[in-house]
Structures are given as C-alpha cells and as structure tokens.
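The structure appears right after this line, and notes come after that.
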C-alpha cells in the first residue's frame with residue numbers, strides 16, 4: 001500500500017492529496033455551518049434545527065431520533081438546497097468577476113490547508129514525523145501569505161456586484177484585513193524568536209513550534225499561551241478580524257449593509273463564500289492551536305510521546321497518527337466553538353471602532369509586545 | 001427636583017481592555033446553553049389557549065343536536081368586513097321545530113375577509129355562532145377559504161346550552177302561556 005503510493009508520479013500524488021483536502025474540508029466547513037446554527041440556537045434558548053431526517057435512519061430506534069434532534073441531516077438538506085435551488089444572476093453585475101469571486105474565495109482557503117500540519121507519528125527510530133500535505137519550512141509565512149489572498153474574493157465580489165452595499169462590504173473587508181494583518185504577524189514573531197537560536201538557520205515551520213512545546217521540563221512543556229499570553233490574545237483578536245467573524249464582521253454586517261459583499265449572491269455561489277469563510281476559520285483555529293495550544297500534545301506538560309508510551313501504542317504509527325489528529329481536531333473544534341460563542345456574546349463593532357482598535361490599540365500593543373519579548377529573549381539566550 | 005450629581009468614575013485599566021467584561025459575557029451566554037429551551041415545537045406542541053380565545057367563527061348545535069341559528073342575519077349585518085353571507089330558509093313542517101320558523105339554508109363565512117373581531121358572536125341572540133379555539137386556517141384556493149354551513153357545524157360541534165329557549169317557548173305555548 002505504502003509502496004504503491006510512493007511509486008506514483010508526484011503529480012498524481014499531489015492531485016490525490018489535493019482531492020483529499022477538498023473532500024475533507026468541504027464537509028467539515030458544511031458541518032461548521034450546521035454547528036453554527038446549533039450553537040446559536042442553544043445559546044439563544046432554542047433547540048435549533050431538528051426536523052430533517054432520512055427515512056431509513058428514522059427506523060433505527062433511539063439513534064435515529066437522537067441524530068434527528070441533533071440536526072445532522074440538515075447538513076445534507078442544506079447542501080442539497082444550495083445545489084438545486086435557482087441560481088439567479090442579477091442583470092447589473094459584471095458576470096465574469098461575479099462568478100469568479102466565489103471560486104477565488106475557495107482557492108486560498110483550500111491552499112492554506114496544505115501547509116498546516118494536523119498530526120504526527122513516530123517512526124522506528126522514535127523521531128517525530130509530522131502529518132501534513134506539504135511540510136514546508138516557511139510554514140506560517142505560507143499560511144499568512146496565501147490566506148490573506150482570500151480578501152481578494154470579497155473585494156471582487158463587492159465590486160462585481162455593482163451595487164453600493166456589496167461595494168462598501170468589499171472596501172471594509174480590504175481595510176480591515178490590512179489593519180489587522182500587521183498586528184497578527186507581529187504577534188507571532190516572539191514565538192519564532194524564541195524557537196530559533198541566533199546564528200543558526202532559522203525556521204518558520206509550524207511543526208517546529210509544536211516540537212518546541214513538547215520538550216520535557218517546566219519551561220519546555222509549557223504551551224506558548226502560558227509563556228506568551230499577550231501574543232496569543234493579539235493573535236486571537238486579529239484572527240477574529242481576519243476571518244470576518246463577529247464582533248468584526250464589517251464586510252457582512254447585516255444591520256447596515258443588508259448582506260455586505262454577498263448581498264447579490266444566492267444559492268451555491270453564496271454557500272461557496274461560506275465554505276471559504278469556515279475553511280479560513282478552521283485554518284486559523286488550527287494555526288492558533290499549533291502556535292499557542294501545543295498542537296497535537298494532549299495536555300500542557302504532557303507531550304504526545306508521553307501519552308503514547310503510557311498507552312503502549314508508540315510502536316503503532318497509524319494509532320499514534322489517528323490519536324494525534326484526534327487531539328489536534330479536538331483543539332480546532334474547541335476554537336471553532338469559541339468563534340461561535342463569541343459571536344453570540346459580543347455586539348458588532350462600529351466601523352470606526354474596528355479601525356481605531358486595529359491601528360491605535362492593537363498595533364502599538366503588538367509592537368510593544370514584540371519589543372519586550374525580543375529584549376527578554378535576547379537576555380535569556382545570551 | 002433636586003439634581004443629584006453622580007460621579008462618573010474613571011475606568012480602571014482592566015475595564016478599559018474590556019476583557020473581564022467579555023469573559024463575564026461569555027459566562028452568561030455559556031450558562032444559557034444549558035437552560036431549558038423556550039421554543040414551542042409548533043405542530044407537535046400547541047399553545048394552551050385561554051377560554052375566551054377568538055379563533056375561527058363557527059356555528060354550534062345545542063346539546064340535543066339541533067341547529068341553533070335562526071337566520072336572523074344580525075351577524076351578517078354587523079360583520080364589519082362583510083364576511084358572512086346567509087341565505088335564510090324555512091324550517092320544514094313536521095320536524096317538530098316549526099315554531100322556530102327560520103333556519104339558514106346556506107351560511108357562508110369567507111375566512112379571507114373575516115377579521116376575527118367577534119362581533120357576530122356578541123350580536124347573536126341565539127348563541128349560535130362562536131369564535132372557538134381553531135386558529136390555523138389554510139387553503140390553496142379562495143373557494144377553499146370559504147366555510148360553508150356544513151364546515152361551520154363541523155368546526156363548531158356542540159356547546160352546552162343554559163336556556164333551551166325554543167323548547168321552553170313551545171312548552172309555554174302548549175300551556176297557553178304565550179308570553
């Protein structure tokens with residue numbers, strides 16, 4: 001099986017991996033939209049979507065009923081609805097770019113997944129082998145570079161829609177991205193200052209960040225959220241802003257922009273925007289988990305290696321791999337829940353407040369934070 | 001009115017970051033996830049209606065299963081949107097109810113016009129028309145939304161009667177006591 005795989009042409013391998021990403025991320029993003037509906041409902045004291053059911057599942061006692069109450073079939077129902085409902089193309093839009101925008105939204109979202117490691121296992125020699133589609137050394141830089149491209153789709157959608165609210169939404173999205181991208185990048189620099197030794201070859205690899213958080217000892221095993229809480233906070237706030245989530249969902253803001261950049265969109269094109277948005281959220285959560293929450297390490301000060309040796313499965317790579325993916329996904333899911341939870345807790349900021357927070361509060365804070373950590377790290381390492 | 005100047009305290013650093021407030025807000029929303037849900041799941045669960053609920057107007061029969069409406073047409077005249085249309089008819093001889101003289105031949109209430117005001121119920125001297133607790137009227141055509149006499153009696157059913165007015169009238173008549 002493994003031989004057959006490695007004998008394949010690299011292009012075929014890449015194609016298969018790409019297909020796997022789409023097949024995994026698309027349903028997960030769909031599931032997130034369902035989870036969003038459910039969590040919103042629970043927080044608002046409603047049961048949420050709980051009606052759709054496939055007939056032959058309904059025949060299973062208890063389980064069928066439980067799944068129905070959980071609303072899992074609404075995922076399929078929503079998907080089918082988006083696929084088959086009428087897809088209107090307004091007469092006043094720029095047709096090429098209007099259709100292109102949702103496609104462009106998906107590309108960076110799916111491309112970023114390739115460089116995010118989502119698990120690891122140990123080979124015979126006991127070295128850690130990360131599970132990632134492309135374990136590149138530029139890691140985080142690639143994530144930042146590609147995921148920021150996602151805003152082009154929003155600008156394009158806003159512009160191609162040729163009406164004022166989508167246009168305002170697109171402009172807001174670009175302004176917001178620029179404002180928060182700086183703080184976001186500055187907030188993660190201390191992490192990479194810390195994991196790279198001066199003089200030696202540096203790395204921006206996300207795998208290395210996780211390895212750094214799985215070292216023995218009190219300081220080695222501490223997740224970066226404990227040693228660098230301010231970095232984590234700035235990164236988290238910037239993440240909310242970059243993924244256009246409440247309280248920063250200026251590009252959409254139903255209250256003042258009707259639907260923002262997707263006002264003119266409907267049916268499947270609309271849903272593509274949301275798959276992209278959720279994919280961005282998932283990747284953002286994943287990066288946050290890798291950087292600050294110890295990646296696939298189960299608990300602070302308990303690295304994956306300790307767990308698998310305790311369980312006695314260290315020599316079984318598939319088990320370790322699945323376990324690490326499970327732990328990592330658990331953290332991502334927790335982060336996704338935080339996104340939804342915050343959505344129903346905080347009201348949306350006004351546009352000028354978003355700008356003020358970004359430029360006058362977060363950016364100076366990020367710079368000061370970087371300086372303080374740079375000086376501290378310089379003292380510790382020399 | 002005395003003016004009480006309230007001192008506005010400057011915000012502390014923690015308050016200015018808003019983070020403690022956000023955390024307390026998160027706690028509140030989280031606690032709401034586990035409270036009992038307030039939604040009524042409609043078709044299965046129905047709201048409990050008060051006894052004086054004004055639903056769809058219906059015609060009722062008395063406990064002996066006899067028609068109470070005497071087609072006086074007061075409801076037709078009082079109906080503000082003119083939703084009621086009555087064709088009066090005679091009570092046929094030999095039914096034992098000839099002394100009532102009149103009964104509706106046709107009785108149509110157009111539910112697309114009805115405003116559920118309840119004036120028909122208020123005006124009815126025979127206590128024959130009642131707005132009961134049926135509130136969900138739907139149909140695919142305009143014709144479907146017109147309740148005819150049969151439908152009205154089906155919806156109305158039988159309600160208790162305190163007077164049995166026409167029985168007592170007949171009794172009084174037979175005993176030579178016509179007023």
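Chains as they are written, first to last, in the numbering used here: chain A, 1 to 382; chain B, 1 to 179. Virtual Cβ for every residue (Gly too), placed ideally from N, Cα, C. What you are looking at is a predicted structure, and each value in this text was computed from that prediction instead of being measured.
Contact check for residue 116 of chain B and residue 131 of chain B: beta-carbon distance about 7 Å, within the 8 Å limit, so the pair qualifies.
Of the candidates A:26, A:100 and A:65, the residue whose Cα lies closest to the Cα of residue 113 of chain A is A:26. In terms of Cβ geometry, residue 243 of chain A and residue 284 of chain A form a close pair [threshold 8 Å]. Between the beta-carbon of residue 234 of chain A and that of residue 366 of chain A there is about 5 Å, and that keeps the pair under the 8 Å contact cut.
Using a Cβ distance threshold of 8 Å, residue 195 of chain A and residue 209 of chain A count as a contacting pair. Interface annotation, residue 69 of chain A: not in contact with chain B, CB-CB separation never under 8 Å.
Listed by position along chain B, the residues whose Cβ is nearer than 7 Å to that of residue 42 of chain A are 33. Relative to the Cα of residue 36 of chain B, the nearest Cα in the group A:82, A:38, A:47 and A:375 belongs to A:47. With its beta carbon at least 8 Å from every one in chain B, residue 37 of chain A lies outside the interface. In this structure, residue 180 of chain A places its C-beta atom within 8 Å of the C-beta atom of residue 358 of chain A. In terms of beta-carbon proximity, residue 64 of chain A stays away from the interface with chain B, with every pair separated by 8 Å or more. Taking a Cβ-Cβ threshold of 7 Å, none of the residues of chain B is close to residue 245 of chain A; the smallest such distance is about 14 Å. Of all residues in the region 45-58 of chain A, only 45, 46 and 47 place a beta-carbon less than 7 Å from a beta-carbon of chain B.
In its chain, beyond the 5 residues on either side, 54 and 131 have a beta carbon closer than 6 Å to the beta carbon of residue 118 of chain B. Taking a Cβ-Cβ threshold of 8 Å, none of the residues of chain B is close to residue 382 of chain A; the smallest such distance is about 33 Å. Within the region 308-342 of chain A, those residues whose Cβ lies closer than 8 Å to any Cβ of chain B are, in chain order, 341 and 342.
Look at residue 107 of chain B: its C-beta is not under 8 Å from any C-beta on chain A.
For residue 189 of chain A, not one C-beta of chain B is nearer than 8 Å to its own C-beta. Setting aside the 5 residues that flank it on each side, residue 105 of chain B is surrounded in the same chain by 87, 88 and 89, each with a C-beta closer than 7 Å to its C-beta; the list follows chain order. Measuring C-alpha to C-alpha distances from residue 251 of chain A to each of A:288, A:152, A:90 and A:52 identifies A:152 as the nearest. With a cutoff of 8 Å on beta-carbon distance, residue 82 of chain A and residue 54 of chain A are scored as not near each other.
Look at residue 110 of chain B here: in three-state DSSP terms it is strand. A residue is called buried once 16 or more other Cβ atoms fall within 10 Å of its Cβ, and residue 343 of chain A is buried on that count.
Residue 78 of chain B: not part of any beta strand (DSSP E); member of the alpha helix (DSSP H) spanning 74-78, first to last residue. According to DSSP, residue pairing for residue 121 of chain A in a beta bridge involves A:129.
Per the DSSP secondary-structure output, residue 59 of chain B pairs in a beta bridge with B:129. At a beta-carbon threshold of 8 Å, the residues of chain B lying near residue 346 of chain A are 22 and 25, ordered along the chain. Burial is judged here by how many other beta carbons sit within 10 angstroms of a residue's own beta carbon; residue 220 of chain A has fewer than 16 and is exposed. The three-state secondary structure of residue 104 of chain B, taken from DSSP, is strand.
For residue 85 of chain B, no alpha helix (DSSP H) segment is defined; the enclosing uninterrupted segment is the beta strand (DSSP E) at 84-90. Check the Cα spacing between residue 87 of chain A and each of A:311, A:350, A:268 and A:52: the tightest is with A:268. By the criterion of at least three beta-carbon pairs nearer than 8 Å, the region 103-123 of chain A is in contact with the region 319-332 of chain A. With 16 or more other Cβ atoms from the protein chains shown falling within 10 Å of its own Cβ, residue 341 of chain A counts as buried. Each of B:170, B:33 and B:57 was checked against the Cα of residue 123 of chain B, and the nearest Cα belongs to B:57. For residue 299 of chain A, the pairing in a beta bridge is given by DSSP as A:302.
For residue 147 of chain B, the beta-bridge partners assigned by DSSP are B:109.
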